[in-house]
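Peer 1:
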Amino acid sequence: MIGIFDSGIGGLGVASQIRKKAPRADLVYFGDFANMPYGPRKTEELLELTLHAMKFLKSQGATQFVAACNCLSVAVIAPLADLFEIPKTRVIEMVAPTVRAVCKRTRGKILIAATLATVRSGIYELAFTQHGLSAESIALPKLAEAIERQASGSELEEIISPAVQKAIDIHAKLLVFGCTQFPFARSVFSHMFEERGYEIELFDPSDVVADEAVKTFNVEGEGLNTFFVSKSSCVFNQTVFDLFGSDSIIREIVID
Ligand code: DGL
């Protein structure tokens, strides 16, 4: 069983891609709404939250994991895999598959739009530089939470505006959604670039992360979908129904 976790709806993008590519895979998802947003948190806190999420998913039968949250890639996944004695091949995170895929698509300048924790870590710039590419990042600290509460188009535009301006200023050829919630505002990003007459590729990592999971994990099961949240969320319910069907069951749990 594959355990997928994130602070909210973000990881559902990855989960739905896994479901499309591997119809028989058994999936169990945990959205940690009680502790959303993760972006402003320190590494120690993120480590603790990851520990709780993985422990819970393991108790539900998960033996393979996808940390569908970029800010958990930072110094979190590797130590936890050691702690649980889970081989590293059993934990997939967002950054490595994204960097590999983007390097194949462009040699031009890259802009990563992400949360504070991811931007502070410099993890993407480091990885792209190691591959000989030039990359800069920008934090959009309010965006994940605004997407989760279905903020208006004009509020989203205001929050996204610094990233659009920066992409234009640095002549970026590709923008990476370095936070799994951000692709849910894809149409707002593309509208804003179109309005300014600026051509840029918007890269959503969900697809390549799902590819990595399907390639690496055992995906032969009964095609089960199970969803857990640490606090109920209407947006989560609606997104699950849209992506996985309205008969999906979502349970609220308390994690101590
Ligand atoms: N989904 C997370 C990511 O990809 C962050 C969202 C949050 O701040 O909770 O980084």
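Using numbering that gives the first Met the number 0, you'd call the opening residue of the sequence shown number 0 and step up by one each time. Just so you know, even glycine gets a beta-carbon here, dropped at the ideal spot from N, CA and C. Since we're looking at a predicted model, the values are computed, not measured.
Can you name the start and end residues of the alpha helix (DSSP H) that Arg18 belongs to?
Peer 2: Residues Gly9 to Lys20.
Peer 1: Suppose only complete runs of 4+ residues qualify. What are the alpha helix (DSSP H) ranges in the region 169–243, listed by chain order?
Peer 2: Segments of the alpha helix (DSSP H) lying fully in the region 169–243: 185–194, 205–215 and 233–243.
Peer 1: Quick one: measure Cβ to Cβ for Phe227 and Ile252, integer angstroms, because I've assumed they're closer than 8 Å.
Peer 2: Indeed they touch by this definition, with Cβ atoms about 5 Å apart.
Peer 1: Cα separation between Ala150 and Glu193?
Peer 2: In a straight line, the C-alpha of Ala150 is about 21 Å away from that of Glu193.
Peer 1: As an exercise, report each continuous beta strand (DSSP E) stretch of at least 3 residues that is fully enclosed by the region 97–143, in chain order.
Peer 2: Taking only runs of at least 3 residues, the beta strand (DSSP E) segments lying wholly in the region 97–143 are 109–113 and 134–138.
Peer 1: What would DSSP say about Arg250, mapped onto helix, strand or coil?
Peer 2: Arg250: strand per DSSP, three-state reduction.
Peer 1: Between Glu147, His170, Asp168 and Gly196, which has its C-alpha nearest Pro182's C-alpha?
Peer 2: Among Glu147, His170, Asp168 and Gly196, the Cα nearest to that of Pro182 is on Glu147.
Peer 1: Compute the distance between the beta-carbons of Ala24 and Gly222, then report whether it is under 8 Å.
Peer 2: Closer than 8 Å, so yes.
Peer 1: For a quick check, are the C-beta atoms of Phe240 and Ile8 less than 8 Å apart?
Peer 2: No, these two residues do not count as a Cβ contact at 8 Å.
Peer 1: Do you know whose CA, among Val13, Tyr28 and Lys20, lies nearest Ser247's CA?
Peer 2: The option with the nearest alpha carbon to Ser247 is Tyr28.
Peer 1: Following the continuous alpha helix (DSSP H) through Leu45, name the residue where it begins and the one where it ends.
Peer 2: Its alpha helix (DSSP H) spans residues Thr42 to Ser58.
Peer 1: Is Ala184 closer than 8 Å to Leu110 when the C-beta atoms are compared?
Peer 2: Going by C-beta atoms, Leu110 is not nearer than 8 Å to Ala184.
Peer 1: Just list the residues that DSSP pairs Tyr37 with in beta bridges.
Peer 2: BP columns for Tyr37 are empty, so no partner.
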